Every structure is written in structure tokens, then in C-alpha cells.
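Peer 1:
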Amino acid sequence: MATLKDIATRANVSLATVSRVLNYDATMAVSKETRQRIFEAAEALNYSKRKRNHQTNVVKQVTVVEWYSQMQEMEDLYYMSIRISIEHAAMTAGFRVQTVFAGSLDQIHEDTSVIIALGKYSQAEILKLTGITDRIVFVDFDAMGLGYDSVVTDFQYAISDAVHHLTDAGVRHIGMICGTEMTTDRQRVIEDPRKAPFQMAMGQDYNEAFVTQGDYSRQSGYQQMKALIGDLQDQLPDGFIITNDAMAVGALKALNEANISVPDRVQLVTFDDTSIASYAIPGLTAVHVATNHMGEAAVQLAQEITKADHPIAKKIVLGTRLVQRESTKF
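Just so you know, we're using the working numbering here: the sequence shown kicks off at 357 and counts up by one.
(1) I'd like the list of long-range same chain contacts for S631, defined as Cβ closer than 7 Å, with 5 residues on each side in sequence excluded.
(2) Helix or strand or just coil, what does DSSP make of V618?
(3) Taking only runs that begin and end inside the segment 389-460, name each unbroken alpha helix (DSSP H) of 4 or more residues, in chain order.
(4) Taking R605 and A636 to be in contact with their CB atoms under 8 Å, please state how far apart those CB atoms are, rounded to whole angstroms.
(5) Taking the straight line between their C-alpha atoms, what separation do you get for Y572 and Q417?
(6) If we require 4 or more residues per run, which alpha helix (DSSP H) segments fall completely within the segment 528-568?
(7) List the DSSP bridge partners of H644.
(8) Alpha carbon to alpha carbon, what distance is there between Q579 and Q591?
(9) Would you kindly work out how many angstroms separate the C-alpha atoms of Q392 and L371, rounded to a whole number?
(10) Determine whether the beta carbon atoms of M650 and S441 lie at a separation below 8 Å.
(11) Can D629 and V618 be called in contact, C-beta distance under 8 Å?
(12) Can you grab the Cα-Cα spacing for the pair M558 / V519, in whole Å?
(13) Apply the 10 Å Cβ neighbour rule to T383 and answer buried if 16 or more other Cβ atoms are within range, or exposed otherwise.
(14) Which same chain residues, not among the five before or five after N563, have their C-beta less than 6 Å away from its C-beta?
(15) Assuming A514 and V679 are in contact, meaning their beta carbons sit under 8 Å apart, how far apart are those beta carbons, in whole angstroms?
(16) DSSP on A636, reduced to helix/strand/coil?
(17) Taking DSSP as the reference, what is the three-state secondary structure of S506?
(18) Going by CA-CA distance only, name the one from G459, S460, A458 and I464 that's closest to R452.
(19) Between R574 and the rest of its own chain, which residues show a CB-CB distance below 6 Å, the 5 nearest in sequence each way excluded?
(20) Mapping DSSP to helix, strand and coil, what is L592?
(21) If you count every other CB in all the chains shown that lies within 10 Å of the CB of H666, and 16 or more means buried, which is it?
(22) Once DSSP output is grouped into helix, strand and coil, what is the label at V386?
(23) Near V493, what residues of its chain come up, given a Cβ to Cβ distance below 6 Å and the 5 sequence neighbours on each side ignored?
(24) For T359, count the other beta carbons within 10 Å of its own beta carbon; 16 or more makes it buried, fewer makes it exposed. Which is it?
(25) On a Cα-Cα basis, can you pick out the residue from T448, T626 and F596 that is closest to G526?
(26) Give me the Cβ distance between T641 and L624, rounded to the nearest whole Å; I'm assuming they're in contact under 8 Å.
Okay, structure coming up:
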């Protein structure tokens, strides 16, 4: 894992600035550009160096479409991490890469051969993309039923594994803070794909009162946990699965303010395992989503569909692994 010093050197800032930014210190006044530089450095340093692929590629122009804005990326590093992995894999493969952010589809180059679309999209947005090219790879969005290649994560096993680890560690009651979001054009609501697997894994022990829903932001995680603490008091579950790192950091803050010890009173498992999971205090046990492999898989599919006259839609499902840190006892 990269050290804070490595990140500080790459971002050209002080060690103290890196530490405070990665822990979302609200009293730290830094510019948007500096914050972006630190987060991107932290995520980029997660990737090991790979040899350049010198094979001849038919793709001249790959456009990465990020459904988040740059400001949203800094709140939820998951999509920043995937975007960087796609760009890295595409450039390593020798492609010319363009990246456009939310609401900027009109900026996509006309000579784009293939689009790698990161995030969630409405039918109207998909139609806009197909107006540029019908060779599209979706990442973190299952569009195979619509006839498009997709790269997704196996949430079913990941949730089941996290539940089993918590129960084996003596957790009696497990809650969840999950998320919901909307496509950029606000035409489609996207429910958290981890909630249903959680309910299934919990079986008869599932308690709706222990489950709450936010918007994947740090502030939302803070508000959801604070509300649960106030509503449940002594009945607060002794374990939580929180479905992204930003919400987990916010929930951790609420627990600290209420003098609720982590992991002695409450154990936390988060999702994604971006850089802030390891730099949080205490470090957050996390389901590691293979964002680097998502980028590689997307570029592999992009290469394939540009070579086929009549490409058949494929879906690549990537596994996860649980990374143990100080927020749990296992």
C-alpha cells in the first residue's frame, strides 16, 4: 500500500495535508484542485506498474464516459478509482483516451470507436450514446440484457461472506446503511444492489429497523448512523455493513461523537476499499472491489467488440475479497 509520504510527494503537498484530506477533516481548508490532486494520487498509487502491451490495436479512440462529476468523484472515490483504472488500462494498451464527465456527452469526439461508460444510465442516455457508436462497454452497470457488454461485481457472495465473518466474530445483530441514486438525467432511480443479498443472507434474523438508506455521501452516512443511534439507543446493532467507504467514514464520525467504541461496541464492514478505508481511524475492514481489474476487463471487451462484425454481448462478473482492519474483531 502506498504511504502518506508517497501520496504527498505525488500530489506536491505536505504530509499533514494529505492525512487530513483523506480523513475528511472538515476544518481543513484546501482548494478543490488540491483535494482532487490528493485523491487521484491516492487512488493511482493503488495500482502496480504493468508492462505496456506492444500489440497492434485497432482502437484509435476510446472515450471513457463518467456518470459522476469531478466534485462527486471526490465524495465517492469508488468511481474515481474505476475511472483511473480504465484510463490506465487503455493507455497501457496504446489507445488514445478521452474522458468526459456527467452532462458532457456532447463533448465526445466524433471519431470515437468505442465508448466505455462508467456508472448507471437511463434509456434516454443510452440512446444518446448509441447515436455516437453502438460499440459500448458498460462498467458497474449490467446492460447485457440490452445487448451491451458489461463489467460488474459479484455482490451476492461479498455480502454473504461479510455477514458470516461478523456472526463468527460474535456479532448478534447486524444492520446495514445502503444507498440509492439517480441517473444524471434523473430519469431512473437506482436501488442499492447489496440490500437484497443482505436480506437473503440474514434470513430470519433480518430486521428492517436496522436498515437505513442514504445517498452514498459521507454526510449521508453520518446522518443515517446518528439517526439510528438516536432511535435505537441500547438496541443499536453490534455490527453494520455499510455499502461504500464515504458513508462508512460518516457513520464512524457519528459513532465517535456518541462515544460508541469501534470495534468494541460496534463492528463495521464497508464496501469498495478505496484509499480512505485504509487511512480512516480506525482503519475500516472492507470488501475489496477489484476496480483495477474492472478497468482491464472493460478495455479487453472494448478490443473484442471492435474486431467483431457482429459482436455478441458478454458480461464479466468479478469477485471480491475481504480486507481485515481495525473496525472489526475478526
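The C-beta atom is built at its ideal place from N, Cα and C for all residues, glycine as well. Since we're looking at a predicted model, the values are computed, not measured.
Peer 2: According to the structure data:
(1) Residues of the same chain with a CB within less than 7 Å of the CB of S631, apart from the 5 flanking positions on each side, are L378, A398, E399, N402 and L433 in chain order.
(2) coil
(3) 426-431 and 433-448
(4) Reading the sequence as shown, one finds Val at residue 605 and not Arg. With 8 Å as the limit, V605 and A636 qualify as a contact, their Cβ atoms being about 6 Å apart.
(5) 32 Å
(6) 551-558
(7) Answer is D628 and R677.
(8) 18 Å
(9) 16 Å
(10) Less than 8 Å divides the Cβ of M650 from the Cβ of S441.
(11) no
(12) 7 Å
(13) So T383 counts as exposed.
(14) none
(15) Not quite, the Cβ-Cβ distance comes to about 12 Å (not below 8 Å), so this is no contact.
(16) coil
(17) Strand at S506.
(18) I464
(19) Y380, A602, V605 and G606
(20) coil
(21) exposed
(22) coil
(23) I472, D505, A654, L657 and A658
(24) exposed
(25) F596
(26) 7 Å
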